[in-house]
Amino acid sequence: MGRAGRFRRRHMTVMTSRTDIYLDHNAGAPLRPQVAELVCRVLMRTGNASSVHGPGRRARGAIETARAQVARLCGVPGAQVSFTCGATEANVTALSPVWKDGRGERRFTRLLVAASEHPSVAAGGRFPAEARESVPVDGRGLVDPAALAARVAELTAAGESVLVAVMAANNETGVLQPLSEISAALKGSDAVLHVDGVQAAGRIAIDMEAWGADSLALSAHKIGGPQGAGAIVVRRAGLHPAPLLTGGGQENWRRAGTENVAAIAGFGLAAEQAAAELVGWDEIRALRDGMERELRHIWADTVVFGADAPRLANTSCFAVPGVAAETALIALDLEGIAVSSGSACSSGKVGVSPVLSAMGIDKDLARGAIRISLGRETAPEEIEQFLAAWRRISGRIRQAGAGRAA
Numbered sequence: 005m006g007r008a009g010r011f012r013r014r015h016m017t018v019m020t021s022r023t024d025i026y027l028d029h030n031a032g033a034p035l036r037p038q039v040a041e042l043v044c045r046v047l048m049r050t051g052n053a054s055s056v057h058g059p060g061r062r063a064r065g066a067i068e069t070a071r072a073q074v075a076r077l078c079g080v081p082g083a084q085v086s087f088t089c090g091a092t093e094a095n096v097t098a099l100s101p102v103w104k105d106g107r108g109e110r111r112f113t114r115l116l117v118a119a120s121e122h123p124s125v126a127a128g129g130r131f132p133a134e135a136r137e138s139v140p141v142d143g144r145g146l147v148d149p150a151a152l153a154a155r156v157a158e159l160t161a162a163g164e165s166v167l168v169a170v171m172a173a174n175n176e177t178g179v180l181q182p183l184s185e186i187s188a189a190l191k192g193s194d195a196v197l198h199v200d201g202v203q204a205a206g207r208i209a210i211d212m213e214a215w216g217a218d219s220l221a222l223s224a225h226k227i228g229g230p231q232g233a234g235a236i237v238v239r240r241a242g243l244h245p246a247p248l249l250t251g252g253g254q255e256n257w258r259r260a261g262t263e264n265v266a267a268i269a270g271f272g273l274a275a276e277q278a279a280a281e282l283v284g285w286d287e288i289r290a291l292r293d294g295m296e297r298e299l300r301h302i303w304a305d306t307v308v309f310g311a312d313a314p315r316l317a318n319t320s321c322f323a324v325p326g327v328a329a330e331t332a333l334i335a336l337d338l339e340g341i342a343v344s345s346g347s348a349c350s351s352g353k354v355g356v357s358p359v360l361s362a363m364g365i366d367k368d369l370a371r372g373a374i375r376i377s378l379g380r381e382t383a384p385e386e387i388e389q390f391l392a393a394w395r396r397i398s399g400r401i402r403q404a405g406a407g408r409a410a
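So the sequence shown is numbered by the working numbering: it starts at 5 and just counts up by one.
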């Protein structure tokens, strides 16, 4: 076999290699088997949910069943759930200068966005650039409720109306924002609060009333549903953002376009199952915490971002000074272990995370950030295999560093 043939064989081996251990649940959870079966069944049916005949009514029934299931996950009536193609659309819909209430339109002149938000929120939605303002986070990644309330008060006194966007749980670090404290601090103001609840869903209880969240964005594929489905949920039926997509009257005139019935049905079932699985995350937390202790044993100077803040039980974001994330990701992938360096929605490139930059993390250290996100089905043996692989990779990196120093 010639050199070119050997290259092609090696290349195909890498490209078709199987991922043995999946530790990237924050990017997308595995499709639940029962959800997959339901999606396939619905896909084989004919019928537009806007049609009045039998097939159309059956499609409408599947959507309304899913609406009720997603609503129960959020603790709201079904009428307050509107389906979208995903959480990005839900976030962009919510970040609108125009909302509607029972009296007509409500207009916002300023958008305050936490500095550690997901890219779909950080981009500012439909607000012009000059109307957007970043809200700082501290070194743990947390918003200061008092400082946020003070800024809202200043803007209100100046005659502005404010929409605030703060996520429930960070997709990179797992840090949980103090939403109840934030809403309490904002009480008495006319500010409206939008919450990106994508990573929180199915991992902690969603309580829009306690959070003070006027709107909430969700994504199906983060909880074991199909990709291509999401929702915007409102706390009060009479207050909601102006639609992003206009035309037909689907979703009670809040989101035009023929519904993706199969994906919506799958989303509903995934939401129902996720709601039933809110207990048991303490075991995942213990697994994560044990992994972090061993990571520090392997590399004493390992830094875990957000470790001093409340976090999701399944998420760990860490770095080792001098170890590039790209090198580590490739090495782990070759070991059959799937992890990430941060948000899967950023660009697909390894760079400095805006989340870590907002936390004041040194750029050189931030470039080495690796995110491990576990699922309920992650087994202790898989974490042991990951740690064994990390020891091997660390050994090679140390040897390479010693060779360069010599």
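A virtual CB, placed ideally from N, CA and C, is assigned to each residue, including glycine.
Every unbroken alpha helix (DSSP H) inside the segment 198-253 [4 residues or more]: Complete alpha helix (DSSP H) runs here, min 4: 212-215.
Sequence-distant residues of the same chain with beta carbon closer than 6 Å to Gly242, five excluded per side: Hits under 6 Å: Asp105 and Gly106.
Glu93 vs Gly201 beta-carbon contact at 9 Å: Not closer than 9 Å, so no.
For Val179, three-class secondary structure by DSSP: It is a strand residue.
Validate contact between the segment 242-251 and the segment 46-59 using beta carbons, cut 8 Å, 3 pairs: Judged by pairs of C-beta atoms under 8 Å, the segment 242-251 does not touch the segment 46-59, as fewer than three such pairs exist.
Reduced DSSP secondary structure (H/G/I, E/B, other) of Ile334: Of the three classes helix, strand and coil, the one that applies to Ile334 here is helix, per DSSP.
Whole-number beta carbon distance between Val117 and Ala169, since they are thought to touch under 8 Å: Between the beta-carbon of Ala169 and that of Val117 there is about 5 Å, and that keeps the pair under the 8 Å contact cut.
Paired residues, beta bridge with Gly108 - DSSP: Residue pairing by DSSP places Gly108 opposite Asp105 in a beta bridge.
Reference Val85; option with closest CA among Gly379, Arg258 and Ala267: That would be Arg258, whose Cα lies nearest to the Cα of Val85.
Supposed close pair Ala153, Leu190 - CB separation, criterion 8 Å: About 6 Å separates the two Cβ atoms, so the contact holds.
Inter-residue Cα distance where the pair is Arg61 and Gln38: Whole-angstrom Cα-Cα distance: 23 Å.
Assigned secondary structure, Leu378 (DSSP; H/G/I helix, E/B strand, else coil): Three-state result, Leu378: coil.
Where Ala127 sits in the DSSP three-state scheme: Of the three classes helix, strand and coil, the one that applies to Ala127 here is coil, per DSSP.
Uninterrupted alpha helix (DSSP H) stretches inside the segment 21-56 (no shorter than 4 residues): 37-47, all fully within the segment 21-56.
Proximity to Leu316 [Cα-Cα], best of Gly82, Val327, Gln203 and Ala269: Comparing Cα positions, the closest option is Gln203.
Outcome for Val283 when other beta-carbon atoms lying within 10 angstroms are tallied against a minimum of 16: Exposed, by the Cβ-count rule.
Cβ-based neighbour list, Arg289, same chain, cut-off 7 Å, excluding 5 preceding and 5 following: Cβ within range, chain order: Ala317.
Residues near Lys367 in its chain [Cβ-Cβ closer than 6 Å; skip 5 each side]: If you ignore the 5 residues before and after Lys367, its C-beta comes within less than 6 Å of the C-beta of Val356, all in its own chain and listed in chain order.
Beta-carbon spacing of Trp215, Leu167 below 9 Å: No, Cβ-Cβ distance for Trp215 and Leu167 is not below 9 Å.
Buried versus exposed, by CB contacts within 10 Å (16 or more), Val139: Classification of Val139: buried, given that the 10 Å Cβ count is 16 or more.
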